[in-house]
Amino acid sequence: MKVLLTGSAGFVGGAVGRLLEERGDEVVRVDLMLPQAHGSTEVPPGTHRHDVREAEGWDALLRGVDVVCHQAAMVGAGVQVADLPLYASHNDLGTAVLLAAMHEAGVRRLVLASSMVVYGEGRYACPVHGRQVPGVRPTAALDAGDFEVPCPVCGAPLAWELVGEDAVLDPRSSYAASKLAQEHYTSAWCRQAGGAAVALRYHNVYGPGMPRDTPYSGVAAMFRSSVEHGRPPTVYEDGGQVRDFVHVDDVARANLAALDAVAATDPVRAPGLEAYNVCSGTPLTIREVAELVVAGTGSSLVPEVTGQYRPGDVRHVVASPQKAARELGFRAQVTPDEGLRAFAHAPLRA
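Now the structure itself:
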């Protein structure tokens with residue numbers, strides 16, 4: 001199988017590329033090397049430097065390609081309002097240009113790196129009023145240190161439940177909005193071009209090679225950087241936010257399963273986009289994540305719970321791994337307890 005891999009020098013893209021080449025697939029590596037993600041902008045050997053937003057040049061790169069694995073994106077929760085055009089440009093315009101080029105080249109199969117952020121808040125239920133769709137948490141409550149999501153009927157704290165791929169999509173940050181737009185463009189391309197696609201909704205990915213000391217990386221890398229500098233990890237809110245953390249090696253395995261699945265799909269008979277959660281299946285609080293990273297070093301540091309919050313953050317979002325297990329045969333192999341402790345010593349990208 002010949003795979004065009006965008007974002008190939010990135011954290012996840014690099015892991016996907018290694019697995020593809022290990023099993024003998026032909027990989028066309030493409031990357032722009034955004035400084036927010038890479039620090040250095042020097043393209044690694046064997047990688048084509050190409051801006052996904054540029055239409056010119058895709059025809060040659062896509063020649064003979066069976067399936068595209070689209071990992072290129074600007075990531076992060078959106079540090080400032082000024083980031084909005086960057087998310088719209090790199091993530092959404094870039095995806096739209098790539099999809100148009102794929103149509104012109106006759107490439108009709110795609111695996112898209114999406115994210116759990118498209119869900120916004122996770123799935124909740126009130127013990128009295130049943131399943132509820134919460135609104136945005138009130139600023140006054142957050143200022144007062146009341147971080148739980150209230151029932152819109154009675155005001156009692158809601159209990160979180162596992163989020164399936166059929167959940168209402170309600171992005172709460174600029175990054176989240178851009179990832180949902182990527183899925184919408186892909187779905188439209190499937191209908192208009194007769195394409196078949198898989199969107200992998202990554203939960204919190206961590207592992208060797210994450211960017212160092214940047215808010216555009218994941219929270220696990222920020223904890224890891226703090227510990228490396230001898231500082232306690234800083235935990236927002238009360239540390240009780242529940243998430244799923246999945247190791248990059250498992251994410252790479254999920255991509256191979258998705259590539260095989262979409263390569264076996266007949267786009268003429270079964271055009272469309274299927275979404276899958278990619279997660280460990282082991283929920284953790286953010287404070288527990290910080291504690292595991294610290295424990296991996298043997299340090300006596302204690303995570304600092306600040307009570308601070310970010311307006312775009314959600315309280316709880318935890319994925320259901322069932323659909324990916326049932327339809328892709330994907331199950332995570334690295335437990336958070338094992339992986340996060342080891343991550344304390346993992347090399348980060350400068």
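One point on numbering: in full-length UniProt numbering, the residue at position 155 of the sequence shown is 155, and numbering is uninterrupted.
All C-beta atoms, glycine included, are put in the ideal place defined by N, C-alpha and C.
On a predicted model such as this, the values are computed, not experimentally measured, just so you know.
{"query": "Checking 8 Å against the spacing of the C-beta atoms, do V128 and C154 come in under that value?", "result": "yes"}
{"query": "So for L112, helix, strand or coil by DSSP?", "result": "strand"}
{"query": "Can you pull the DSSP bridge partners for C69?", "result": "L5, V111"}
{"query": "Under three-state DSSP, which class holds F343?", "result": "helix"}
{"query": "Suppose the cutoff is 7 Å on Cβ atoms and the five residues either side in sequence are ignored; what does the same chain contact list for N255 look like?", "result": "V16, C69, V111, L200"}
{"query": "How long is the line joining the alpha carbons of A72 and G14, rounded to whole angstroms?", "result": "11 Å"}
{"query": "Look up L99 in the DSSP assignment and say whether it is helix, strand or coil.", "result": "helix"}
{"query": "Rounding to the nearest angstrom, what Cα-Cα distance links residue 351 and R341 in this structure?", "result": "Residue 351 lies beyond the stretch modelled for the chain, which goes from 1 to 350, so this question has no answer here."}
{"query": "Since R123 and V163 are thought to touch, with beta carbons under 8 Å apart, how far apart are those beta carbons, to the nearest angstrom?", "result": "5 Å"}
{"query": "Tell me whether R29 counts as near the ligand MN, meaning its Cβ is closer than 7 Å to at least one heavy atom of that ligand.", "result": "No copy of the ligand MN appears in this structure; indeed no ligand is present at all."}
{"query": "Under DSSP, the beta strand (DSSP E) around L20 begins and ends at which residues?", "result": "From DSSP, L20 is part of no beta strand (DSSP E) but of the alpha helix (DSSP H) over 11-22."}
{"query": "Starting from the Cα of A113, find the closest Cα among E54, V205, R191 and give me that residue.", "result": "V205"}
{"query": "Using the three-state DSSP reduction, which class does P157 fall into: helix, strand or coil?", "result": "strand"}
{"query": "According to DSSP, is H38 helix, strand or coil?", "result": "Here H38 scores only 49 on pLDDT, less than 50, and its place in the model should not be relied on; the value that follows carries that caveat. H38: helix per DSSP, three-state reduction."}
{"query": "What does the Cβ neighbour count give for E54, buried or exposed, with the cut at 16 atoms within 10 Å?", "result": "exposed"}
{"query": "Just verifying my parser: in three-state terms, what is the DSSP assignment at V219?", "result": "helix"}
{"query": "Report the three-state DSSP secondary structure of D337 (helix, strand or coil).", "result": "helix"}
{"query": "Taking the Cβ atom as the reference point for each residue, do L99 and T6 lie within a distance shorter than 8 Å?", "result": "no"}
{"query": "Would you decide whether H38 is buried or exposed? Buried here means 16 or more other CB atoms lie within 10 Å of its CB.", "result": "With a pLDDT of only 49 at H38, under the threshold of 50, the placement of this residue in the model should not be trusted; the figure read from the coordinates follows. Buried."}
{"query": "Pop quiz: V246 and Y276 are said to be a contact at Cβ under 8 Å. What is the actual Cβ separation, rounded to whole angstroms?", "result": "Incorrect: roughly 12 Å between the Cβ atoms, too far for contact."}
{"query": "Between the stretch 235-245 and the stretch 174-182, are three or more C-beta pairs nearer than 8 Å?", "result": "no"}
{"query": "Excluding the 5 residues flanking A290 on each side, which residues of the same chain have their C-beta closer than 7 Å to its C-beta?", "result": "F223, P233, V235, P303"}
{"query": "Checking 8 Å against the spacing of the C-beta atoms, do D250 and T282 come in under that value?", "result": "no"}
{"query": "With a threshold of 16 other CB atoms inside 10 Å of the CB of T265, please say whether the residue is buried or exposed.", "result": "buried"}
{"query": "Given a threshold of 16 other Cβ atoms within 10 Å of its Cβ, counted over all protein chains shown, does P336 qualify as buried or as exposed?", "result": "buried"}
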